[in-house]
Structure formats: structure tokens, C-alpha cells
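If you're matching positions, the sequence shown starts at 2 in my numbering and goes up one per residue.
We treat Cβ as the ideally placed atom computed from N, Cα and C, and that holds for glycine.
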Amino acid sequence: MTITSGKHTSNKGTVEANVYQKTMDHPDEWSNGYHVILDTDGLVTLRWDQVTLGR
């Protein structure tokens, strides 16, 4: 998957889990999202509308 907005725009990674919690780019809002393991190392939480899923 590719991140389409926020601090990690254009990075690629793998969805580890679906979550409902606060995200890195929107720390004051609860929303549906993903835990994403970045190809560059690390784990981020992103909203569904911040990623494009694909192979």
C-alpha cells in the first residue's frame, strides 16, 4: 500500500491491522484506520483515507 497524505506521504508499507483509534496526523480525532508497517522501518497508524491499497 502507498500512503497518500500526511507526514509519511509516498512511503510504502504493509497493513498489519484494522484499528479504531487516534492517528499520527490527527491526534485529537478517533477514526477507523490501519496500523501500517513501513518499508523504511517503523509502525504508524493512519486513517483509511490516507492510503491507497494495492499490490
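Span separating the alpha-carbon of Lys13 from that of Asn19: 17 Å
Run of the beta strand (DSSP E) containing Lys23, from where it starts to where it stops: 14-23
Asp50 to Lys23 span [Cα, whole Å]: 14 Å
One or two residues paired with Trp31 in a DSSP bridge: Lys23
Alpha carbon of Leu44 to alpha carbon of Pro28, nearest angstrom: 15 Å
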